[in-house]
Amino acid sequence: MKKVVAIILVLSSLTLLAGCTQYHAQGASAGAIIGGITGAILDNRNPWRGGVLGAALGGVAGATFTDVSMRASQEAAAAGKPVAYVTEDGRGLYRADPIEYDAKTKCHKVHERVWEDGKLIKDQVREVCEGEKVERRY
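The working numbering numbers the first residue of the sequence shown as 68 and each following residue consecutively.
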């Protein structure tokens, strides 16, 4: 029975990731790893169960955070104005500030910052392009 549940969880998570971008997959992977380790540590009686549940919840949370981050940076680039999101409990804040636009590459640079409980936990510059980048490969 445990093997069946594990196989169902793996297949369902792969189905969710199939429609995601590279960034969503990276966010989901990081969340799944952190959630899996945390779940295994917290579930003393059955670390496998805790690990699987933690990985599933962490993967969803990581992909969701990545989606919010990508949308906000695209909004900031398109509007040319800062965009901020606050969590419902007020503990988390995401802010995207447009920096510059490169007409040659048609890409905007956006400064992203994330605070949790007033502490800066993420600070990066993301490039948001109007079209898709295409590499010429042979």
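The C-beta atom is built at its ideal place from N, Cα and C for all residues, glycine as well.
Here the structure is a predicted model, which means the values were calculated and not measured.
Helix, strand or coil at residue i according to DSSP, with G and I counted as helix
| i | result |
| --- | --- |
| Asp134 | helix |
| Gly129 | helix |
| Gly121 | helix |
| Gly157 | coil |
| Arg162 | strand |
| Arg112 | coil |
| Met68 | Here the model assigns Met68 a pLDDT of 49, short of 50, so the residue's position is not dependable and the matter cannot be decided. |
Integer Cβ distance of residue i from residue j, believed to fall under 8 Å
| i | j | result |
| --- | --- | --- |
| Lys176 | Val192 | 6 Å |
| Gly103 | Asp110 | Rounded, the Cβ-Cβ distance is 11 Å, inconsistent with contact. |
| Ala128 | Gly98 | 5 Å |
| Val153 | Glu142 | Not really, about 15 Å apart at Cβ, beyond 8 Å. |
| Gly106 | Gly121 | 2 Å |
Unbroken beta strand (DSSP E) run spanning residue i, endpoints
| i | result |
| --- | --- |
| Glu194 | Lys186 to Cys196 |
Those residues which DSSP pairs with residue i across a bridge
| i | result |
| --- | --- |
| Asp169 | Cys174 |
| Ala151 | Arg162 |
| Gly179 | Strictly speaking, residue 179 in this sequence is Glu, with Gly absent from that position. Looking at the DSSP assignment, Glu179 forms a beta bridge with Ala163 and Gln191. |
beta-carbon residue i near the ligand COA non-hydrogen atom, thresh 8 Å
| i | result |
| --- | --- |
| Ser96 | As far as ligands go, the structure on display features none, and thus does not contain the ligand COA. |
**Request:** State whether the region 156–164 contacts the region 182–189, with contact taken as three or more CB pairs (one from each stretch) at a distance under 8 Å.
**Result:** yes
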